[in-house]
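Position in the sequence shown counted from 1, then plus 23, gives you our numbering. The beta-carbon is built from N, C-alpha and C at its ideal position, and this holds for glycine as well. Owing to the predicted nature of the structure, the values given are computational and were not obtained by experimental measurement.
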Amino acid sequence: MKRFIFPLAVSLCLVAAVSEHTIVAAKDTWVSVRTKNFFMVGNASEKDIRKVALKLEQFREVFTRLFPRMKFNTPVPTTVVVFKNDSSYRPFKPRANTAGYFQAGPDVNYIALTTEVRGEQDPFSVIFHEYTHLLVENTFENAPIWFNEGLAEYYSTFSITDDQKVVLGRPLGTHVYLLRQNKMLPLQTLFEVDYKSPHYNETNKTSIFYAQSWALMHYLLVGKTGRVEQLGKFMDLLKLKVPMERAFQQAFEVPFATMENDLRNYVKQDRYNIVSGRFERKLELDTTTEAKTLTEAEAQAYLGDLLLHSNRKESYTYLEKALQLDPNLGMAHASLGMAYFREGKVREAHASLERAVAGNSQNYLAHYYYAFTLSHTGPHDSPPVTGYSPEVATKIREHLQKAITLRPDFPESYNLLAYVSLVTGEGIDDSILSLKQVLSASPGKHQFTYMLGQLYTRKGDYKAARELLEQVIKSNAEEHVRKHSESLLTIIKNVEEQREKYEEAKKAGMRVSSQKPEITFGTTADKEPPTDPSSYLREVLRPPAEGETQLQGTLVEVACDAKGLVFVVQTDAGVLRLRTSSFDDIELTTYDPSVKGEITCGARKPENTVVVCYVPNADKKVKADGVLKSIEFVPTTFKLKPTP
Numbered sequence: 024m025k026r027f028i029f030p031l032a033v034s035l036c037l038v039a040a041v042s043e044h045t046i047v048a049a050k051d052t053w054v055s056v057r058t059k060n061f062f063m064v065g066n067a068s069e070k071d072i073r074k075v076a077l078k079l080e081q082f083r084e085v086f087t088r089l090f091p092r093m094k095f096n097t098p099v100p101t102t103v104v105v106f107k108n109d110s111s112y113r114p115f116k117p118r119a120n121t122a123g124y125f126q127a128g129p130d131v132n133y134i135a136l137t138t139e140v141r142g143e144q145d146p147f148s149v150i151f152h153e154y155t156h157l158l159v160e161n162t163f164e165n166a167p168i169w170f171n172e173g174l175a176e177y178y179s180t181f182s183i184t185d186d187q188k189v190v191l192g193r194p195l196g197t198h199v200y201l202l203r204q205n206k207m208l209p210l211q212t213l214f215e216v217d218y219k220s221p222h223y224n225e226t227n228k229t230s231i232f233y234a235q236s237w238a239l240m241h242y243l244l245v246g247k248t249g250r251v252e253q254l255g256k257f258m259d260l261l262k263l264k265v266p267m268e269r270a271f272q273q274a275f276e277v278p279f280a281t282m283e284n285d286l287r288n289y290v291k292q293d294r295y296n297i298v299s300g301r302f303e304r305k306l307e308l309d310t311t312t313e314a315k316t317l318t319e320a321e322a323q324a325y326l327g328d329l330l331l332h333s334n335r336k337e338s339y340t341y342l343e344k345a346l347q348l349d350p351n352l353g354m355a356h357a358s359l360g361m362a363y364f365r366e367g368k369v370r371e372a373h374a375s376l377e378r379a380v381a382g383n384s385q386n387y388l389a390h391y392y393y394a395f396t397l398s399h400t401g402p403h404d405s406p407p408v409t410g411y412s413p414e415v416a417t418k419i420r421e422h423l424q425k426a427i428t429l430r431p432d433f434p435e436s437y438n439l440l441a442y443v444s445l446v447t448g449e450g451i452d453d454s455i456l457s458l459k460q461v462l463s464a465s466p467g468k469h470q471f472t473y474m475l476g477q478l479y480t481r482k483g484d485y486k487a488a489r490e491l492l493e494q495v496i497k498s499n500a501e502e503h504v505r506k507h508s509e510s511l512l513t514i515i516k517n518v519e520e521q522r523e524k525y526e527e528a529k530k531a532g533m534r535v536s537s538q539k540p541e542i543t544f545g546t547t548a549d550k551e552p553p554t555d556p557s558s559y560l561r562e563v564l565r566p567p568a569e570g571e572t573q574l575q576g577t578l579v580e581v582a583c584d585a586k587g588l589v590f591v592v593q594t595d596a597g598v599l600r601l602r603t604s605s606f607d608d609i610e611l612t613t614y615d616p617s618v619k620g621e622i623t624c625g626a627r628k629p630e631n632t633v634v635v636c637y638v639p640n641a642d643k644k645v646k647a648d649g650v651l652k653s654i655e656f657v658p659t660t661f662k663l664k665p666t667p
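1. Quick check on the DSSP output: the beta strand (DSSP E) that includes residue 631 runs from which residue to which?
2. Measuring straight from C-alpha to C-alpha, what distance separates residue 379 and residue 357?
3. Would you call the segment 502 to 514 in contact with the segment 471 to 490, where contact means no fewer than 3 C-beta pairs closer than 8 Å?
4. Starting from the C-beta of residue 655, find all residues in its chain whose C-beta is less than 7 Å away, skip the five residues before and the five after it, and write them out in chain order.
5. Starting from residue 170, follow the alpha helix (DSSP H) in both directions and report where the run begins and ends.
6. In whole angstroms, what is the alpha-carbon distance linking residue 76 and residue 663?
7. By how many angstroms is the C-alpha of residue 626 removed from the C-alpha of residue 593?
8. What separation, rounded to the nearest whole angstrom, lies between the Cα atoms of residue 201 and residue 285?
9. Apart from the five residues just before and just after residue 160, which ones in its own chain have a Cβ nearer than 8 Å to its Cβ?
10. Suppose you measure from the CA of residue 126 to the CA of residue 362; what does that come to, to the nearest Å?
11. Could you tell me which residues DSSP pairs with residue 135 in its beta bridges?
12. Residue 132 and residue 157: beta carbons closer than 8 Å?
13. What do you get for residue 568, buried or exposed, if any count of 16 or more other CB atoms within 10 angstroms of its CB means buried?
14. Given 8 Å as the limit, is there contact between the segment 275 to 289 and the segment 189 to 201, that is, 3 or more CB pairs closer than that?
15. When the distance is taken between beta carbons, is residue 427 closer than 8 Å to residue 443?
16. In three-state terms, what does DSSP make of residue 598?
17. Between the segment 339 to 357 and the segment 373 to 387, can you find at least three pairs of beta-carbon atoms closer than 8 Å?
18. Taking residue 292 as the reference, give the member of 238, 327 and 252 with the closest Cα.
19. Would you decide whether residue 602 is buried or exposed? Buried here means 16 or more other CB atoms lie within 10 Å of its CB.
20. For residue 52, collect the residues of the same chain with a Cβ closer than 8 Å to its Cβ; drop the 5 residues on either side in sequence, then sort them by chain order.
21. Rounded to whole angstroms, what is the Cα-Cα separation between residue 205 and residue 268?
22. So, at 8 Å on beta carbons, what are the nonlocal neighbours of residue 119 in its own chain, with the 5 sequence-adjacent residues on each side left out?
23. By a C-beta neighbour count over all protein chains shown, 10 Å radius and 16 as the cutoff for buried, is residue 290 buried or exposed?
24. Helix, strand or coil for residue 63 per DSSP?
25. Keeping to the same chain, check which residues put their C-beta closer than 8 Å to that of residue 650; ignore five residues upstream and five downstream.
26. For a quick check, are the C-beta atoms of residue 129 and residue 103 less than 8 Å apart?
27. Return the CA-CA distance between residue 55 and residue 264, expressed in angstroms with no decimal places.
28. In whole angstroms, what is the alpha-carbon distance linking residue 576 and residue 503?
29. Count the other CB atoms, across all protein chains shown, that sit within 10 Å of the CB of residue 385; report buried if there are 16 or more and exposed otherwise.
30. Tell me, which residues are paired with residue 476 by DSSP?
31. Between the C-alpha atoms of residue 389 and residue 60, what's the straight-line distance to the nearest angstrom?
32. When you compare only the Cα positions, how much space is there between residue 232 and residue 283?
33. With the cut-off set at 8 Å, would you say residue 306 and residue 153 are in Cβ contact?
34. Please state if the CB of residue 342 and the CB of residue 320 are separated by a distance shorter than 8 Å.
35. Terminal residues of the continuous beta strand (DSSP E) containing residue 450?
Structure follows, in structure tokens:
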């Protein structure tokens with residue numbers, strides 16, 4: 024699943040409709056049923072909707088019993104849309120042959136399927152697979168990829184009959200075939216696969232990775248007695264930050280080679296154990312929950328929101344139809360507001376969301392959406408905000424507090440509140456406490472850990488910030504979250520080094536600046552907020568002295584001769600040749616982790632992004648554009664000036 028550092032993942036573009044189709048028939052009767060962990064809506068019969076709900080609740084119950092010491096919680100709600108037949112489901116399918124699908128999101132998870140059986144495809148196998156991912160990623164801080172995929176494949180075969188008899192572990196034909204025909208990966212290689220690994224991403228390697236992950240999980244869970252407890256211990260050790268190889272040895276009490284041989288023999292025998300169990304009592308739903316008949320407007324709004332979360336432009340058709348039927352329907356206004364916002368129509372988004380929160384609105388997502396659109400200038404690739412007026416900051420907090428009151432366990436409200444604290448500098452300690460509580464319940468939310476690291480940086484507690492950022496960098500967080508963490512960590516380390524030099528100079532009686540080196544944040548319009556990665560670095564770069572010019576460019580060469588050094592820098596305005604007598608005569612700093620070792624004469628391979636300060640040369644006879652005073656190596660993504 025893809026997710027960025029903003030509290031709500033939004034996309035700029037909505038994909039175009041694949042084909043023309045009519046809106047689902049208004050004559051259908053739509054009902055909703057709320058269970059412990061799912062919100063069900065559909066035009067299927069109430070009986071069929073309850074059957075689907077029961078099956079999902081039963082699956083969740085069986086899954087959570089695998090790790091009894093773990094507290095599984097899913098604070099982001101899951102809405103399940105149950106269509107009565109394939110024809111009514113067809114306009115909402117991502118592909119024509121889809122039997123059922125799971126769409127994860129930071130605000131709402133969606134499951135969609137039909138109760139009409141067509142062919143041999145089981146809609147629940149895909150849903151169980153993806154819901155397992157949701158439970159794993161929300162509960163385990165750094166679940167290995169093989170564990171996540173292997174467990175999802177294993178539980179995709181779940182079935183239950185008579186609400187009591189459970190079957191798990193049926194062999195998956197495609198995996199069995201691949202394991203017969205291909206050489207397995209070394210076990211240590213399998214364990215080290217991450218989201219960037221070719222074994223996970225390349226088409227010709229992905230299949231054997233999935234197959235072997237499934238086979239290993241199958242072997243650990245049902246292939247040999249005692250391995251389940253050892254698997255639980257292994258995951259506990261990883262949670263305690265024990266290195267993977269040592270955790271494996273302590274938990275399973277065998278080296279990789281032994282386990283690898285056991286797994287190979289298990290696969291060779293071509294007999295996969297199947298677990299058949301029976302609960303002492305039937306797993307049933309709370310029958311006191313009454314079904315509610317939806318209005319036609321509400322049904323159209325739910326369908327529009329389903330399409331919105333699938334990034335499909337047809338969502339407008341359903342949401343606008345809902346508002347034609349009921350102009351005051353808050354949920355439709357909320358979804359339409361987010362549809363507008365995704366396309367950069369900020370004014371229209373605010374107008375719809377103001378309608379959504381009008382009056383005594385009890386829709387926590389409407390309040391959250393409104394706060395989110397107020398806190399950002401546009402979709403995620405728009406320029407970041409440059410600060411909030413007191414009135415806007417107050418309004419954002421007001422609606423976030425309403426969202427929290429209505430749904431205290433919804434994590435994104437706290438993350439957005441932390442973002443506002445980061446920009447304004449107010450309520451930092453409260454946001455730190457809130458995020459710690461969220462991470463205690465959902466340790467797998469690495470973007471929240473990154474936000475917590477930013478808060479500590481904002482507070483000036485670099486030690487706490489560094490520990491959190493290092494944790495994110497070593498995690499299986501998404502690439503952009505880890506890169507932002509690396510960038511901020513590099514800046515913190517450089518500031519700490521500058522602080523040490525400052526204190527040493529002060530003790531030695533040397534003349535020093537009255538301002539101690541630190542990372543500062545602005546809240547006014549001339550400052551960039553912390554969500555702009557370059558803003559951190561702009562705060563700590565060496566300021567140009569009187570008479571100096573500062574600019575950004577690319578260092579392409581360091582030319583050396585008997586008279587000294589010439590740094591050749593390519594800029595937007597052309598090539599600059601900046602002279603210095605020696606390396607000792609310039610201030611040289613790196614904020615780019617890839618730049619290591621000594622700077623030597625010659626062409627730069629690869630070339631480096633740099634910020635230089637120099638005194639322009641007024642003497643036309645000198646073959647140089649200026650005298651170099653400082654050069655700072657920065658990441659390629661750095662921007663010396665904020666994007667206008």
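Looking at the atomic coordinates:
1. 625 to 639
2. 5 Å
3. yes
4. 564, 565, 612, 614, 633 and 634
5. 168 to 178
6. Their Cα atoms are separated by approximately 54 Å.
7. Going by the C-alpha atoms only, they are around 13 Å apart.
8. Take the alpha-carbon of residue 201 and the one of residue 285: they are about 18 Å apart.
9. 24, 166, 171 and 467
10. Taking the straight line joining both Cα atoms gives about 17 Å.
11. 104 and 124
12. yes
13. Under a 10 Å Cβ-count criterion, residue 568 is classified as exposed, with fewer than 16 other Cβ atoms of the shown protein chains found around its own Cβ.
14. no
15. no
16. Note: residue 598 maps to strand in three-state DSSP.
17. yes
18. 238
19. buried
20. 66 and 316
21. 25 Å
22. 113
23. buried
24. Three-state result, residue 63: strand.
25. 601, 602, 603, 637, 638 and 640
26. It is not a contact, given that the beta carbons lie outside the stated cut-off.
27. 44 Å
28. 24 Å
29. exposed
30. DSSP output for residue 476 lists no bridge partner at all.
31. Straight-line Cα distance between these residues: approximately 21 Å.
32. 14 Å
33. By the CB criterion at 8 Å, residue 306 and residue 153 fall outside the cutoff.
34. no
35. Per DSSP, residue 450 belongs to no beta strand (DSSP E) and is neither H nor E.
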